[in-house]
Amino acid sequence: MRLTDLAHDYLSAQLKPGDRALDATAGNGHDTTYMAKLVGSTGHVIAIDIQAAAIAATRARLEAANCVAQAELLIADHAQALHSLCEHYAQTVSAITFNLGYLPGSDKSIQTEPESTLAALRAASELLKPNGLLLVTAYRGHDGGQTEAGIVANWMQKIESRGWSVDSHEPVVTGDRIPPILWVARKI
């Protein structure tokens with residue numbers, strides 16, 4: 002099973018109509034749209050991306066799925082946006098997704114950065130309600146990907162030591178390709 006399908010299985014089990022969800026790295030809008038369908042017209046999904054092209058792609062995908070009404074789209078750094086959202090949405094979000102790396106099909110020099118991601122994860126932990134779900138997929142095969150994944154792994158160990166449930170999933174890959182990894186963390 003692909004990690005994206007596995008992440009969507011976790012979201013399906015977590016989200017229900019009326020919930021609030023957050024896509025911290027909107028990319029092409031796949032997770033945002035999936036979550037918008039799950040939370041329905043009474044729910045709310047916030048999608049963040051630093052690239053205007055990603056937000057435009059997300060908007061188009063939401064419009065095609067008739068889900069744009071329940072979505073809020075922000076062009077911003079995920080750490081800064083999540084931090085500012087804490088003021089109004091602390092402990093109210095049911096699920097948060099991250100896909101770390103770069104926007105597929107775009108400028109690969111624009112990618113998530115380890116320190117910003119760490120700050121974003123800290124803010125995400127404040128936004129999640131008890132029993133909230135955090136899904137972080139790290140694509141490790143590009144320059145900087147291994148470093149960022151290492152920082153996320155260390156952060157996951159810290160929250161697990163504080164009582165969160167943390168699992169990870171990695172596909173088995175033959176050859177030299179470095180596979181992505183999906184962390185699934187549930188807040189206490």
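Per my numbering, residue 2 is the first one in the sequence shown, and the count goes up by one each step. No residue lacks a Cβ here, since even glycine has one placed at the ideal position from N, Cα and C.
Judged by their CB atoms, alanine 154 and threonine 98 are not nearer to each other than the 9 angstroms cut-off. Under the rule that a run must span 4 or more residues, the alpha helix (DSSP H) segments found entirely inside the stretch 66 to 120 read 79 to 90. For the 9 angstroms CB-CB criterion, aspartate 78 and serine 117 form a contact. Judged by beta-carbon spacing, leucine 136 lies within the 9 angstroms limit of alanine 96, meaning their Cβ atoms are closer than that value. In this structure, threonine 138 sits near leucine 101, with a CB-CB distance shorter than 9 angstroms.
Boundaries for valine 173: no beta strand (DSSP E) harbours it, and the DSSP string shows neither H nor E there.
Straight through space, the alpha carbons of alanine 57 and tryptophan 156 are spaced by roughly 31 angstroms.
Looking only at Gly133, Thr148, Leu134, the smallest Cα-Cα distance to tyrosine 140 is reached by Thr148. Cβ contact annotation for aspartate 177 (same chain, cutoff 7 angstroms, sequence separation greater than five): none. With respect to the 9 angstroms criterion, alanine 72 and valine 94 are not classified as neighbours on the basis of their beta carbons.
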